[in-house]
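K.L.:
First the structure, which I've put down as structure tokens, then a few questions once you've had a look.
There are 2 protein chains.
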Amino acid sequence: MARNPERRALLADAGLRVLADAGARGLTHRAVDAEAGVPTGTSSNYFPSRAALLAGLAERIFDRIAPDPAVLADLGGREPSVALMTDYLRDIVARTTREPGLTRALFELRLEAARRPELRSALGGVLRRGYADDVAHHAAAGLPGGAYEVALLHYAVDGLLLDLLTTSIDAGFDPDQVVSTLVARLVGGATDRAPLGAPGAR
Amino acid sequence: MARNPERRALLADAGLRVLADAGARGLTHRAVDAEAGVPTGTSSNYFPSRAALLAGLAERIFDRIAPDPAVLADLGGREPSVALMTDYLRDIVARTTREPGLTRALFELRLEAARRPELRSALGGVLRRGYADDVAHHAAAGLPGGAYEVALLHYAVDGLLLDLLTTSIDAGFDPDQVVSTLVARLVGGATDRAPLGAPGAR
Numbered sequence: 000m001a002r003n004p005e006r007r008a009l010l011a012d013a014g015l016r017v018l019a020d021a022g023a024r025g026l027t028h029r030a031v032d033a034e035a036g037v038p039t040g041t042s043s044n045y046f047p048s049r050a051a052l053l054a055g056l057a058e059r060i061f062d063r064i065a066p067d068p069a070v071l072a073d074l075g076g077r078e079p080s081v082a083l084m085t086d087y088l089r090d091i092v093a094r095t096t097r098e099p100g101l102t103r104a105l106f107e108l109r110l111e112a113a114r115r116p117e118l119r120s121a122l123g124g125v126l127r128r129g130y131a132d133d134v135a136h137h138a139a140a141g142l143p144g145g146a147y148e149v150a151l152l153h154y155a156v157d158g159l160l161l162d163l164l165t166t167s168i169d170a171g172f173d174p175d176q177v178v179s180t181l182v183a184r185l186v187g188g189a190t191d192r193a194p195l196g197a198p199g200a201r
Numbered sequence: 000m001a002r003n004p005e006r007r008a009l010l011a012d013a014g015l016r017v018l019a020d021a022g023a024r025g026l027t028h029r030a031v032d033a034e035a036g037v038p039t040g041t042s043s044n045y046f047p048s049r050a051a052l053l054a055g056l057a058e059r060i061f062d063r064i065a066p067d068p069a070v071l072a073d074l075g076g077r078e079p080s081v082a083l084m085t086d087y088l089r090d091i092v093a094r095t096t097r098e099p100g101l102t103r104a105l106f107e108l109r110l111e112a113a114r115r116p117e118l119r120s121a122l123g124g125v126l127r128r129g130y131a132d133d134v135a136h137h138a139a140a141g142l143p144g145g146a147y148e149v150a151l152l153h154y155a156v157d158g159l160l161l162d163l164l165t166t167s168i169d170a171g172f173d174p175d176q177v178v179s180t181l182v183a184r185l186v187g188g189a190t191d192r193a194p195l196g197a198p199g200a201r
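Here the protein sequences come in this chain order: A and B.
Count the first sequence with numbering that gives the first Met the number 0 and you get residues 0 to 201, in order.
Count the second sequence with numbering that gives the first Met the number 0 and you get residues 0 to 201, in order.
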């Protein structure tokens, strides 16, 4: 029963609605069961702790903002270049801003886990796997730069999304132009050496 | 009475404790009055709406993480360069990570205001002034780059802080090295043209 993926997704979606309505403090197994209209105790079968619940919601967010296979096939068929890397990043920004609540929910989960050390490890595992997948995809696609550049772009795009999806500094620049510049300068314009010896570094 | 700056700061600090303890949903005038140990209605005199309360808390965060005058004097006495810009950014990261709860609280306020459009404008005003001050300081100090570079660094450092202060992707690179690279590549390595005509652009 606890292995039914549709039911797991249904419960995680109910959890995301609870998070949006009641905030991270209101995110309890009982509230998720009530929102999903299932017997009390159901969500605990799928997510046996609050840490597992947060991690499960984060996984569901990544699933829901996953790339369109047709877009991936199109990008995957092109020669690796800074221009291709820019189009990958544009697709990430398009996917994460299309349903703003999902990316906001991920920020909220990250904040909630930071307050409570016992929640940090499970959610951190989901984020670490996401970064490792990005690095592996980057290398497999032969894109310019390595793990260091993937991390730099990750930070810069997270900050841009924070600006676009929460309260903005209203700098007035076109987000699409900002994405192009970030890739051109952080990846294409790299003239200094990336640090060696860091875990995951090229 | 509502113009007593010490009392205003005391109430804002109580509001930041409420935010940390009860989350953004628990941040009400009544809870702030109780936390500050003042008669009900006091915080409404200083912050007449929930939007004003959020903006007041953000202003207080900026005050509390303001640069040390001795550090500013030291940096202000040096020749403008990419190296100086890097040291300014290092000081920002040092100040914002020293009291992690303050920067987390600012992320939380930005998320809360994103959910409720009536809160967005007051908090946005505080953030816009912060960015405008950064651009003005940058120009006055003769630092390399312009408003566009200040915005790019703002996004990248916000994303880095999100990683350092909430739940990390654990890429394993030294934050100090990341800051140096961000400035070197986003400001020093700028070979493309910044967009013209954007509000606030150089």
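Note that beta-carbon positions come from the ideal geometry of N, C-alpha and C, so glycine has one too.
Among the residues of its own chain, which have a CB less than 6 Å from the CB of residue 28(A), if the five just before and after it don't count?
P.N.:
Result list for residue 28(A): 42 and 43, in chain order.
K.L.:
If you check the beta carbons only, do residue 186(B) and residue 152(B) fall under 9 Å apart?
P.N.:
Closer than 9 Å, so yes.
K.L.:
With 8 Å as the C-beta to C-beta threshold (strictly closer), list the residues of the stretch 168–185 of chain A near chain B in chain order.
P.N.:
Correct list: 168, 169, 170, 171, 172, 173, 176, 177, 180, 181, 183, 184 and 185.
K.L.:
Does DSSP classify residue 91(A) as helix, strand or coil?
P.N.:
Helix.
K.L.:
To which residues of the same chain is residue 7(B) closer than 6 Å at the C-beta, ignoring the five residues directly before and after it?
P.N.:
Result list for residue 7(B): 45, in chain order.
K.L.:
Can you give me the C-alpha to C-alpha distance between residue 181(B) and residue 90(B), rounded to a whole angstrom?
P.N.:
If you take the alpha carbons of residue 181(B) and residue 90(B), they lie about 14 Å apart.
K.L.:
With a CB to CB cut of under 7 Å and the five nearest residues on each side skipped, what residues in its chain are close to residue 199(B)?
P.N.:
Bear in mind that a pLDDT of 43 at residue 199(B), under 50, signals an unreliable position, so the number given afterwards is only what the model happens to contain. The residues are 134 and 146.
K.L.:
Does the stretch 113–124 of chain B come into contact with the stretch 118–132 of chain A, if we say contact requires no fewer than three beta-carbon pairs (one atom in each stretch) closer than 8 Å?
P.N.:
No, the stretch 113–124 of chain B is not in contact with the stretch 118–132 of chain A.
K.L.:
Decide if residue 179(A) is buried, meaning its Cβ has at least 16 other Cβ atoms within 10 Å, or exposed.
P.N.:
Residue 179(A) is buried by the Cβ-count criterion.
K.L.:
Would the C-beta of residue 117(B) count as close to the ligand NAP, meaning under 8 Å from any of its heavy atoms?
P.N.:
Looking for the ligand NAP in the displayed structure turns up nothing, as the structure carries no ligands at all.
K.L.:
Taking the Cβ atom as the reference point for each residue, do residue 58(A) and residue 11(A) lie within a distance shorter than 9 Å?
P.N.:
It is a contact, given that the beta carbons lie within the stated cut-off.
K.L.:
Which residues of chain A have a Cβ atom closer than 7 Å to the Cβ of residue 22(B), listed in chain order?
P.N.:
Here the neighbours are 22, 23 and 24.
K.L.:
In its own chain, which residues sit with a C-beta less than 7 Å from the C-beta of residue 51(A), not counting the 5 before and 5 after it?
P.N.:
121, listed in sequence order.
K.L.:
With a threshold of 6 Å on Cβ separation, who are the neighbours of residue 19(B) within its own chain once the five nearest residues in sequence on each side are excluded?
P.N.:
So the qualifying residues of the chain are 100.
K.L.:
Classify residue 141(A): buried if its beta carbon has 16 or more other beta carbons within 10 angstroms, exposed otherwise.
P.N.:
Flag for residue 141(A) reads exposed.
K.L.:
Between which two residues does the alpha helix (DSSP H) carrying residue 44(B) extend?
P.N.:
From DSSP, the alpha helix (DSSP H) with residue 44(B) extends over 41–45.
K.L.:
For the alpha helix (DSSP H) that contains residue 208(B), what are its first and last residues?
P.N.:
Outside the displayed span of chain B (0 to 201) sits residue 208(B), for which this structure offers no information.
K.L.:
At the level of alpha carbons, what is the spacing between residue 36(A) and residue 92(B)?
P.N.:
When rounded, the distance between both Cα atoms is 45 Å.
K.L.:
Cutting at 6 Å between CB atoms, please list the residues of its own chain near residue 164(A), excluding the five before and the five after it.
P.N.:
99, 102 and 103.
K.L.:
Please say whether residue 129(B) and residue 54(B) have beta carbons closer to each other than 9 Å?
P.N.:
No, these two residues do not count as a Cβ contact at 9 Å.
K.L.:
With a cut-off of 9 Å, does the C-beta of residue 147(A) fall near any C-beta of chain B?
P.N.:
Answer yes: the Cβ-Cβ gap between residue 147(A) and chain B drops below 9 Å somewhere.
K.L.:
Run through DSSP, which three-state label would residue 61(B) get?
P.N.:
Looking at residue 61(B) - three-state DSSP - the assignment turns out to be helix.
K.L.:
Along the alpha helix (DSSP H) that carries residue 268(B), what are the first and last residues, could you check?
P.N.:
The structure shown does not extend to residue 268(B), since chain B is modelled only from 0 to 201, so the question has no answer here.
K.L.:
Report the three-state DSSP secondary structure of residue 170(A) (helix, strand or coil).
P.N.:
Coil, per DSSP.
K.L.:
Tell me whether the beta-carbon of residue 110(B) lies closer than 9 Å to the beta-carbon of residue 110(A).
P.N.:
Yes, the Cβ-Cβ distance between residue 110(B) and residue 110(A) is below 9 Å.
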